[in-house]
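Notes follow once the structure below has been shown.
Numbering (the working numbering), first residue to last: 177 to 240.
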């Protein structure tokens, strides 16, 4: 199946899949932050940004 055709047919699902993939990577990084040398401030900022992106997407997709 062509990924571009699928993304054009189902843009909402594609965005959710991308956000889910980014969230999974972020969870992996945050669990191993000490190993990657990432500070707590960076983790907090990244978490806030990721949450904000999800909230904004949710607002745009749930408009009446």
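We treat Cβ as the ideally placed atom computed from N, Cα and C, and that holds for glycine.
Bear in mind the structure is a predicted one, so any value in this text is a computation, not a measurement.
Pick out whichever of the options has its Cα sitting closest to the Cα of residue i.
i           : options            : result
residue 237 : 189, 182, 180      : 189
residue 222 : 203, 212, 210, 211 : 203
So residue i packs on residue j, CB below 8 Å; how close in whole Å?
i           : j           : result
residue 214 : residue 224 : Going by Cβ atoms, the distance from residue 214 to residue 224 rounds to 15 Å, so no, they are not a contact pair.
Task: Meets three-Cβ-pair contact criterion under 8 Å: the stretch 221-230 and the stretch 188-201 - done: At 8 Å Cβ cutoff, the stretches touch.
Task: Ranges of the beta strand (DSSP E) found wholly within the stretch 191-229, counting only runs of at least 3 - done: Qualifying beta strand (DSSP E) stretches: none in this window.
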